[in-house]
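See below for the structure under consideration.
Residue numbers (the UniProt record's numbering), protein chains in the order written: chain A, 1 to 457; chain B, 1 to 134.
In structure tokens:
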């Protein structure tokens with residue numbers, strides 16, 4: 001049996017510090033590390049032998065150290081900070097997400113000795129979050145909407161085939177992303193992926209871009225130039241906004257699709273192409289065919305596999321996922337640590353109908369990144385046009401609810417007073433019977449199956 | 001030789017990924033002949049790498065750096081000397097004179113922090129990097 005008594009308080013503290021899974025270190029007033037617990041060694045990969053005596057920023061190496069050190073703030077204002085999110089970099093260049101809490105270190109007489117920093121490794125939680133997200137992730141696209149999940153389910157087979165694909169969808173729905181996903185899943189993934197916006201170029205330029213030209217084909221053609229079809233080799237070419245091309249260009253494209261050959265401008269020799277073609281449009285190609293603005297034969301040539309990307313307003317359930325994704329992306333790109341979006345701001349996004357689709361949402365989040373220095377994105381960081389509905393929504397909602405509740409009470413009371421006789425209840429309320437039925441339906445009141453008249457008779 | 005170093009006041013910036021200032025310097029005949037500081041906060045690594053290449057920088061010296069920016073810098077053809085700390089002027093001088101930078105290694109750095117072998121001599125053991133670093 002141990003004859004010694006319970007450990008002294010100082011010993012106790014040491015035992016506790018060594019047994020917890022949070023990293024803890026202390027610094028003196030000159031920012032040199034004075035203690036470094038076991039978990040701190042494990043998380044940072046630095047032994048306490050190496051850490052003690054060194055400046056905390058040389059050991060801790062967090063993104064906060066230089067600009068916004070929580071421990072420095074604590075030492076300056078004498079206040080503790082709890083759970084600030086940041087990341088540290090280990091010696092093998094791995095970034096570890098952590099949360100940090102800081103407080104002052106004082107002796108028994110209240111004199112400040114330095115600071116203490118407690119940090120928690122969030123890698124596992126981040127990994128679980130990523131796993132959860134990846135179940136809705138396909139290539140670079142993310143969605144939990146049934147229509148998109150159905151699309152994801154087909155993509156692998158579509159990618160394996162060589163057929164021409166037509167992608168239809170409003171602007172900003174991710175047509176290029178989908179094309180890239182098809183290319184990346186296909187056996188052509190090691191070959192080039194080339195996207196060109198057909199609507200942005202006049203015919204002659206578009207043709208010289210796609211098919212190339214020979215020296216002397218036109219005034220400024222001083223040497224041969226390879227076109228995108230040649231550059232793509234056995235890769236994939238995305239012809240975006242194909243609905244905006246001229247009939248003359250459509251004829252040339254039809255020939256490429258039919259013969260798998262093209263002729264550079266100024267050349268008489270056809271060149272074989274093995275590139276796969278994906279066409280995309282934000283217009284109703286079928287409608288354009290009906291009004292003779294798009295060649296019917298070309299339409300049938302490209303409409304072999306047609307995929308329709310739903311607009312964002314039809315997949316609003318994806319907004320939280322997309323917002324998280326854009327925040328993570330912009331945090332990396334802008335070196336910020338925005339923690340997320342608060343409920344009110346998310347509500348505002350969910351009320352918007354996004355005519356610009358996902359691109360518009362991404363731009364809104366980028367706007368918020370400019371205005372939001374840290375923490376979550378709140379309504380005041382969002383563009384002004386999104387904040388307009390706040391007044392409209394906040395004040396009428398309670399009044400509407402109050403009116404609805406009063407109407408429901410009055411109807412139920414009238415029905416009760418008249419033994420569920422609908423006609424009598426309507427008369428008592430001063431309403432026509434059909435108005436009563438309309439209100440009953442609107443308010444979701446369930447009426448007893450038997451009308452009061454039948455029970456009384 | 002032109003060298004860039006992410007700095008924080010008179011020290012090497014502890015983390016390249018969140019560094020706000022870069023020091024550009026030219027070394028001729030073992031002497032630093034030109035120096036200039038630039039604000040780089042918020043600049044994405046690809047743009048920064050392009051800027052360094054445009055300025056003819058051969059070597060980037062920095063503190064801790066994560067995988068992604070490190071690979072971007074190296075892919076741009078810039079030699080990376082990472083996970084160093086201490087007084088920026090002393091480190092630059094050590095680079096200029098071609099002497100060992102081992103004393104500037106960050107703790108926990110198992111591999112030699114300099115990819116480029118500058119050293120044949122050793123830095124004066126009396127002059128520790130922390131001497132003027134605080």
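Even for Gly, the Cβ is constructed at its ideal location relative to N, Cα and C.
- Listed along the chain, the chain B residues whose CB falls inside 9 Å of the CB of residue 281/A amount to none; the nearest CB is some 32 Å away.
- Contact residues of the stretch 36-57 of chain B toward chain A are 42 and 44 (C-beta to C-beta distance below 7 Å).
- The three-state secondary structure of residue 379/A, taken from DSSP, is helix.
- Below 8 Å, too few C-beta pairs join the stretch 21-39 of chain B and the stretch 89-102 of chain A to call them touching: fewer than three.
- Residue range 175-185 is occupied by the alpha helix (DSSP H) that includes residue 184/A, with no beta strand (DSSP E) assigned at that position.
- By the criterion of a C-beta distance shorter than 8 Å, residue 273/A is surrounded in its chain by 229, 230, 232, 256, 260, 261 and 262, once the five residues flanking it on both sides are discounted.
- Within the stretch 24-67 of chain B, the runs of beta strand (DSSP E) at least 3 residues long that lie entirely inside it are, in chain order, 31-39 and 59-61.
- Counting only residues of its own chain and dropping the five nearest sequence neighbours on each side, residue 15/B has a CB closer than 7 Å to the CB of 63 and 64.
- Close to chain B, meaning a Cβ-Cβ distance shorter than 7 Å, are the following residues of the stretch 66-91 of chain A: 66, 67, 89 and 91.
- Taking C-beta atoms as the reference points, residue 214/A and residue 149/A fail to come closer than 8 Å.
- Straight-line spacing of the CA atoms in residue 186/A and residue 312/A works out to 27 Å.
- In terms of Cβ geometry, residue 64/A and residue 86/A form a close pair [threshold 8 Å].
- Around the Cβ of residue 13/A, a 10 Å sphere holds fewer than 16 other Cβ atoms; the residue is exposed.
- Taking a beta-carbon distance threshold of 8 Å, residue 54/A counts as an interface residue toward chain B.
- Scanning its chain for C-beta atoms nearer than 7 Å, with the 5 sequence neighbours on each side dropped, one finds around residue 417/A the residues 428, in chain order.
- Residue nearest to residue 87/B within the set 41/B, 9/B, 79/B and 78/B is 9/B (criterion: CA-CA distance).
- With the criterion set as a beta carbon lying under 7 Å from some beta carbon of chain A, the members of the stretch 77-91 of chain B are 83 and 85, in sequence order.
- If the five residues before and after residue 330/A are omitted, its C-beta is found closer than 8 Å to the C-beta atoms of 336, 338, 365, 366 and 369, all from its own chain and listed in chain order.
- The criterion of a C-beta distance shorter than 8 Å is not satisfied by residue 342/A and residue 302/A.
- Inter-residue distance for residue 410/A and residue 145/A is about 41 Å (C-alpha atoms, whole angstroms).
- Residue state for residue 97/A is assigned as strand, using DSSP reduced to three classes.
- Beta-bridge partners of residue 21/B (DSSP): 7/B and 39/B.
- A Cβ of chain B is located within less than 8 Å of the beta carbon of residue 44/A.
- If only uninterrupted beta strand (DSSP E) runs of at least 3 residues are considered, those enclosed by the UniProt domain "PAS" (16-54) of chain A are 23-28 and 33-36.
- DSSP places residue 218/A in the coil class of the three-state scheme, outside both helix and strand.
- Separation of residue 284/A and residue 243/A (C-alpha to C-alpha, rounded to the nearest whole angstrom) is 8 Å.
- Every alpha helix (DSSP H) of 4 residues or more that sits fully in the stretch 303-384 of chain A is shown, in chain order, as 319-334, 343-351 and 357-371.
- Around the C-beta of residue 128/A, fewer than 16 other C-beta atoms lie within 10 Å, and the residue is accordingly described as exposed.
- For the pair of segments examined, the stretch 432-445 of chain A was found not to touch the stretch 59-79 of chain B: the number of CB pairs separated by less than 8 Å stays below three.
- Membership of residue 168/A in the beta strand (DSSP E) is indicated by the continuous run 165-168.
- Taking all protein chains shown into account, residue 57/A has 16 or more neighbouring C-beta atoms within 10 Å of its C-beta and is therefore buried.
- Put simply, the CB of residue 13/B is near chain A, with a gap under 8 Å to one of its CB atoms.
- For residue 76/A, the enclosing alpha helix (DSSP H) has its first and last residue at 70-77.
- Taken in chain order, the complete beta strand (DSSP E) segments of 3 residues or longer contained in the stretch 190-219 of chain A are 193-197.
- Contact check for residue 25/B against residue 35/B passes: the beta carbons are separated by less than 8 Å.
- In the DSSP assignment, residue 104/B is bridged to no other residue.
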